[in-house]
Every structure is written in C-alpha cells, then in structure tokens.
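Chemist: Everything in the sequence shown is counted per this note's numbering, starting at 3 for the first residue and increasing by one.
Where is the CB? At the ideal position from N, CA and C, for every residue including glycine.
These numbers come from a predicted model, not from an experiment.
Before I ask anything, here is the structure I am working with.
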Amino acid sequence: KSHRPPALYRLDLPQNDDIDFGARHLTKHKWENPTFCTYINPPSPHTEHIIKPQPIFLASSSSLSGCNLFLLLLQKEMASLHVRFVLKVFLLVSLFQISFAARKLSELVQDQPQLLHYHKGALLYGKTSVNLIWYGKFKLSQRAIISDFFTSLSASPSSLENTQPSVTKWWETTEKYYDLTSKKNALSLTLGKQLVDEKYSLGKSLTNKQIVELASRGEQKDAVSVVLTSSDVTVEGFCLSKCGSHGSALGSKSGGAKGKSYRFAYIWVGNSETQCPGYCAWPFHQPIYGPQNPPLIAPNNDAGLDGMVINLASLLAGTATNPFGNGYFQGPEEAPLEAASTCTGIYGKGAYPGYAGNLLVDSTTGASYNAHGNNGRKFLLPALYDPSTSACSTLFRPSQRAIVSDFIASLSSRKPTKAQPSVATWWKATEKYYNLVKTKNTSPLLLSVGAQIVQLASKGGQKDAVNVVLTSSDVAVEGFCSSKCGTHGSSVSAQKINGKRSKFAYIWVGNSETQCPGQCAWPFHQPIYGPQNAPVVAPNNDVGLDGMVINLAGLLAGTATNPFENGYFQGPKEAPLEAASACPGVYAKGAYPGYAGDLLVDSTTGASYNAHGVNGRKYFTTV
C-alpha cells in the first residue's frame, strides 16, 4: 500500500536487430503495481541499447497491459519474431476490433471493465477525525499547509463558491465508491489533534514498525493517524521504493466495544526535500530520470511540503476506500493499485510522461495548481480513479466554465459582437417560431447567465428559468454515449407559486472527451463509424467543451421551441425531431455525411467555427 512516485518503466529496443523475447527476460518488478513492466537485460551483445528506466504511461483502464500483451505473444510461440512484425500483428488485431465494433450502434458503447474490484471489506465511514503526528522539525508555516489541506476537504460550498475547482470537489470522487457498496454511509473527515515530537524520541532513522508505534500515539477509535516525518528523518524504504504508505494496526482493547480488539487506519508521508525530491516531489523538482522538463513552481512555495500534499492526498484516498486491505483495489494486497495510485502522474487534462497536464497558473507567483482550498490556499492534487466511468477523474477548470458562460451571454448580449456571423444572429432563427404562434406572448425569448448549476437541475431557480446541468468528463449518466449526448425536458417545481406548482424546463449535457468524443464531439474528433476524415480544430482548443457547446446549442433551441413536449416537433414525443435535431450533422453550406460544411477558419489557430460570440469567442453551432 505504498505510494510511489509518478514513474512507469519502458524499454528502448534496437531498431534493426532481432531480440530474444524469452519469458525469462520479461518480468514484473517485485514492488511495482501490475501495470508496470521492467525489461531485464538479456545476455546478448545489445547491452548498450538498454537505458535507465524512463517514465511512461500505460493506460491503466486497459484490459490488456504491456506485460500481458507480450506474454500473450510468447504463449503463441512468437518469442523470436522481429519487433516490427509484432507491431504489425498488434495493428492487425486492432483493425479487426475496430471493424467488428462498427457493425451496429448497440455494440459501439460497452460497459468499461471495473479496474478496481471491491473485496467486500469495510470502508472508512461516518464522522472520522484526522490526527497529525509531526515527527521532527517543521516550521509553523509548513504545518499550516497540511492543516489547511485537511480542513479544505469538507469546506462548505458557499465558502468556495467563487474559487473552483476546489479540494472539496476533488474529494467528492471518493463518494462514488460508497455508492457502489451496500453500506452507503458517507465519510466525514475533520481535523483532530496534532502531536509534535521535535526531539526525535525514536531517533532519526525509523523502521516500519516504529512508524506504527508513532501512529498509535494518536486517537485510534473513529480516527486516522497521519505520521509526518521531517526532511532529516530517514524511514525504511523511503526514496527507494516509496514516498509514503498507509495501513492498519491493532488498537488498544480499552478503546473497543466491550473490550474487543479492533483495527485503526494510519498514514505515513515523508518530506523528501533533501533526500529525493526528484522521486517524491515531482513535478516541483526535475525527476531522477526521464524527460527533464523544467519543474513547476510549487503553489505554496515549498517543494517538499507541496510534494507531501500530493502523496498525502493519494494515500488518504486509498485509506478511505481500502483502509484494511479488503476494500477497493487491484493486484496483490502487499502492493495494490488504489483510487489514486491507478492514475499515477496525472494532475490535469492532457497529462503524459514528464508532463503533469494542463494546470491553472497563479498570475502573481507563476505557481501551478489544480484546486483551491481554505484560507486562500492552492494545491496540486492527483487525479482519482472514478469507478462510475472507469477513468481518471479531473476537475472542470474555470476556463471551461467561461466557454459555456460566454456562449449563453452571446445569445442576447446587450453589447453584441460586430463580427458576423454571430451567435446572436444564429439564435434569431428561433424567433420565427414565435411569429407563427397565435398567442399574446409573441416577444422573443431573452436569455442571460444565471447561477452556474453544479448539482441537479431542481436545485436551481424554477421560476422564469431554464436550469442547465453540465456534467464533467468523469461522470457517467444513464444513456450517455449509448443513445444520447444530452437531453432536455421538464419537471414539476418543488416550490409552490401562488399556491400552485408549475413546470420548469431543464437541459443536461455531458462532456464526452474521455468517454465518447467520436460520438458526441464530432467534428472535433474522428467519428466512431462512417467516413474517417481528419477532425477539425476546436475553436476554443477544448474538444470536450466545444462539443458540449454544439449539443447545448441544439438542446437550447429545442427547449425554447418545445419546452413541455407540446410545442414544435415531429415524430414521437419520446424521441422528437426539433429545431436543431432536424438538421443533424449540418453546420454550414455544402455539408454532407462526414463533412460539416464550408466553415470559417481562424488564420492564427487553424480552428474551424461558424459564429462569433462575446469576449472574442468563436463557436461552432448547429443549424
């Protein structure tokens, strides 16, 4: 259950020589997780081609790891075939899978295999205090960083309303593990007592057994003890195979019910600043090996402590979902893949080996981060594995929210853009529906940006409002990707107005970026089936969000003209053709299947668009 640094291993092979892929040379590393491979140098004259381990990401949600792929080939008696031939075979298999998958729509989207299996054990639940045991010398400012992280986990939404994404939002991913179990008692963490040992009572070189001894000093019942060792303390295995660990131990009998024994969970994390910052504090320090990109500036200006936060966050997620070794994990109990270690090295969208992902950057300090916390803190937190989508979860960024907000504002802005064609001009087409209706209310619909709804549609305003629910790329929704990219409808309001309940309209759109971009974000991604033309460049450089704008625009037009299923539509009410869905795949003149039409192209970015919006935005809207 040790947390290891974000480094996976690959091997560089000779370009033009045959290599013996004997099973004796391909092994699993004894302490790495099951998706990590180490190629051991075979007895051959190619020694000079074997380089130091390099970081490489193997998709952990894949059902076939790199190791298993080669072992499968070995079992097929292909041990001595040329590397290029192996690749050809793999390509042939891939093409077969693609053609097979295109047979019918119902086969296109299948349930993702659950990577982390639930082993029927207990999870942490209920009110639980986190007690900190500081071992060694820490500055008060350093203690404040860790304390603020823990208090940020359960901060009230109102306190962080204007500072998203937040630590609280990041932690919500762990709640999905509880939803899948029969015991759905939520976990509520609070910061408990803090014990300080600056006199090194057990010395400056600790064993794993002594870590447990230190953890036992904290409260054990309904609590998690967190042992934090300073940069001048060495711990067994620290910097060699782990940056921290979590586990459980027997608590004192006096603390159990009726004197019975019980187990308590603990975490240990070390400050690697002076011992191995390239191993345990990346990306705030250059890695020991692999791509030597410049390190990022730590959000709290302390590479050692900010690195500890990353490791602590990972282990806390593992402790909550696998506290006693029989919760959610994959692989052997001694070195399992857990909620965070499954997504090693991923901190933002677009992450790859040596690159942490697209992160937020503080305009004043230049520090990189991805979550806001209490007391104005900023943190860099690891991605968490989302069991509902079988993917690594990242947060909505403010820049993504701005794309959608600016689109809504562009519909009827008081200061419309002078550039044409515009979003406002596109929206005027809906006014023609009102002109055909014999009613007193013939004035066009004026829309403005209301409160940004991040929960259910019913949580928003229900009088003279349309609530738009936008789900991030790590959220699975019933029917999403299999039969729809979004939907609109109506529901009865919870509040009574003049003694009566009324209907309100709502829209839901999902971010398909990691689940089905070929189905819900075309033409910014190649389609799942049909003509495989090159995708066009998204106008806001975000395939998922620009795809959401297309779907939102279509559903908004349908909501305006058929809000309660008795307006303008054709066909059955359950699946009607409406203002935009009557023209699927048509975005400009000359469109045909596989071709979106003759679009405008930004001369600088090469992005395609068909409408201008406020704040210099360019959008891709439906016809």
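1. Pick out whichever of V538, P574, V588 has its Cα sitting closest to the Cα of G556.
2. Residue ranges of each beta strand (DSSP E) run of no fewer than 3 residues wholly in the region 357-389, ordered along the chain?
3. Thinking just about the alpha-carbon of each residue, which of A562, S395, I213 is nearest to the one in W136?
4. Taking the DSSP output, what are the residues bridged to K486?
5. So with Cβ pairs under 7 Å, would you call S316 a contact of chain C?
6. Strictly by DSSP, which residues pair up with N542?
7. Report the residue from A540, D476, A467 whose alpha carbon sits nearest the alpha carbon of S504.
8. Check whether the region 327-344 and the region 270-280 touch, using three or more Cβ-Cβ pairs below 8 Å as the test.
9. Taking only three categories from DSSP, how would you classify S343?
10. Distance check for P167 and Y621, CA to CA, integer angstroms please.
11. For Y508, is the classification buried or exposed, using 16 other Cβ atoms within 10 angstroms of its Cβ as the cut-off for buried?
12. Tell me whether Q112 is buried or exposed, calling it buried when 16 or more other Cβ atoms sit within 10 Å of its Cβ.
13. Helix, strand or coil: which one does DSSP assign to N295?
14. Helix, strand or coil for S63, going by three-state DSSP, please let me know.
15. Figure out for me which residue from V198, N360, A283 has the closest Cα to the Cα of S316.
16. What is the DSSP secondary structure of Q521, counted as helix, strand or coil?
17. If you follow the beta strand (DSSP E) that Y508 is in, where does it begin and where does it stop?
18. For A369, count neighbouring Cβ atoms within 10 angstroms of its own Cβ and tell me buried if that reaches 16, exposed if not.
19. Which residue comes first and which comes last in the beta strand (DSSP E) that contains G249?
20. Taking just the CA atoms, how far does T130 sit from G569?
21. Cutting at 7 Å between CB atoms, please list the residues of its own chain near N553, excluding the five before and the five after it.
22. If you reduce the DSSP assignment to three classes, tell me which class F266 lands in.
23. Return the first residue and the last residue of the beta strand (DSSP E) that S474 is part of.
24. Anyone know if the C-beta pair for A421 and H614 falls short of 7 Å?
25. Could you check what DSSP says for Q572 in three-state terms: helix, strand or coil?
26. Who are the Cβ neighbours of P338 in its own chain at under 6 Å, not counting the five residues just before and after it?
27. Between the Cα of S412 and the Cα atoms of V237, V551, C241, A590, which residue gives the shortest distance?
28. Give me the DSSP bridge partner(s) of T192.
29. Short of 7 Å in beta carbon distance, which residues of its chain neighbour G573, apart from the five on each side in sequence? Order them along the chain.
30. Can you tell which of A536, N376, L361, G347 has its C-alpha closest to the C-alpha of C1?
31. Between which two residues does the beta strand (DSSP E) harbouring V229 extend?
32. Can you give me the C-alpha to C-alpha distance between Q517 and K430, rounded to a whole angstrom?
33. Using the rule of at least 16 other Cβ atoms within 10 Å of the residue's Cβ for burial, across every protein chain shown, is S343 buried or exposed?
34. Nearest to W173 by CA position, among S218, H374, F286, is which residue?
35. For L208, write down the residues that DSSP places opposite it in a beta bridge.
36. If we ignore side chains and look at the alpha-carbon of each, how far apart do L314 and G599 end up?
Modeler: Checking against the coordinates, here is how it stands:
1. V588
2. 386-388
3. I213
4. F482
5. Going by chain labels, chain C is absent from the structure shown, which holds only one protein chain.
6. None, per the DSSP bridge assignment.
7. A467
8. no
9. helix
10. 24 Å
11. buried
12. A caution first: Q112 carries a pLDDT of 41, below 50, which makes its placement in the model unreliable, though a value can still be read off. The residue is exposed, with fewer than 16 neighbouring Cβ atoms inside 10 Å.
13. coil
14. Low confidence applies to S63: its pLDDT is 32, below 50, so where it sits in the model is not reliable, and the reading given next is rough at best. S63 falls in the coil class under three-state DSSP.
15. A283
16. helix
17. 502-512
18. buried
19. 246-252
20. 52 Å
21. C487, G488, V511, C522
22. strand
23. Here S474 belongs to no beta strand (DSSP E), and DSSP marks it neither H nor E.
24. yes
25. strand
26. F331
27. V551
28. S131
29. L579
30. One cannot answer for residue 1 here, as it falls past the ends of the chain, which runs 3 to 625.
31. 225-231
32. 33 Å
33. buried
34. H374
35. V237
36. 50 Å
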